[in-house]
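Report on one structure; see the data block that follows.
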Amino acid sequence: EGNDIEELPMFVNGLWNLVHLDCTSTDVRIVSKNIGALTNLVYLTLSNAKLKILPVSIGRLKNLVTLRLEGNDIEELPMFVNGLWNLVHLDCTSTDVRIVSKNIGALTNLVYLTLSNAKLKILPVSIGRLKNLVTLRL
10 EGNDIEELPM FVNGLWNLVH LDCTSTDVRI VSKNIGALTN LVYLTLSNAK
60 LKILPVSIGR LKNLVTLRLE GNDIEELPMF VNGLWNLVHL DCTSTDVRIV
110 SKNIGALTNL VYLTLSNAKL KILPVSIGRL KNLVTLRL
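Here it is, written out as structure tokens:
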């Protein structure tokens, strides 16, 4: 937390048993595409970093329960996020998110979805398929 690291490097590829990765308040701009190899990852916090895009490989983190992206410059929640079937908590507070994939309804285990202070213009109708959603913050 609070480091000047600008890139999450490829070495994370060898951390097979990693369950929790927290990069809060770092200067991370780039997340290695190899992050998808961290198949035991349950909690990924990239809050208040300097991210603009997420690597497609994040969609391979099938055990991910919490994804925290608040305070980043990310403009889009892309379709590959929909592969995170076990995701329970998705936080995009104070991001530049304008577009949420219309397939977000595939995240059927999602309980908490926070898009407060984002730049969202349209909410996809598929959010209505999130039957386990308890908290929706806009």
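Position 124 of the sequence shown, counting from 1, maps to 133 under my numbering, and the rest follow consecutively.
Each residue gets a CB set at the ideal place from its N, CA and C atoms; glycine is no exception.
Q) Rounded to a whole number of angstroms, what is the C-alpha to C-alpha distance between Asn112 and Leu24? A) Locating residue 112 in the sequence shown gives position 103, counting from the first residue. Locating residue 24 in the sequence shown gives position 15, counting from the first residue. Going by the C-alpha atoms only, they are around 30 Å apart.
Q. Is the beta carbon of Leu27 sitting closer than 8 Å to the one on Leu47?
A. Numbered from 1 along the sequence shown, position 18 holds the residue referred to as residue 27. Numbered from 1 along the sequence shown, position 38 holds the residue referred to as residue 47. Against a cut-off of 8 Å, the Cβ pair of Leu47 and Leu27 comes out as a contact.
Q | Best match in Arg38, Cys32, Thr33 and Asn95 for proximity to Leu142 [C-alpha to C-alpha] | A | The residue labelled residue 142 in the question sits at position 133 within the sequence shown. Ranking the options by Cα distance to Leu142, first place goes to Asn95.
Q. Where Val120 and Glu85 are concerned, what is the direct C-alpha to C-alpha distance, given to the nearest angstrom?
A. Your numbering for residue 120 matches position 111 in the sequence shown. Your numbering for residue 85 matches position 76 in the sequence shown. Between the alpha carbons of Val120 and Glu85 lies a gap of roughly 20 Å.
(Q) Looking at Leu50: is its Cβ nearer than 8 Å to the Cβ of Leu78? (A) The count along the sequence shown starts at 1 and reaches residue 50 at position 41. The count along the sequence shown starts at 1 and reaches residue 78 at position 69. Result no, Cβ atoms of Leu50 and Leu78 do not sit closer than 8 Å.
Q. Helix, strand or coil: how does DSSP classify Ile83 here?
A. Taking the first residue of the sequence shown as position 1, residue 83 is located at position 74. Collapsing the DSSP output to three states places Ile83 in coil.
(Q) So, for Glu10: in the same chain, excluding its five sequence neighbours on each side, which residues have a beta-carbon less than 6 Å away from its beta-carbon? (A) The count along the sequence shown starts at 1 and reaches residue 10 at position 1. Below a pLDDT of 50, predicted positions are generally treated as unreliable, and Glu10, at 46, falls in that range; the measurement from the model is reported next regardless. Closer than 6 Å at Cβ, skipping near neighbours: Thr33 and Ser34.
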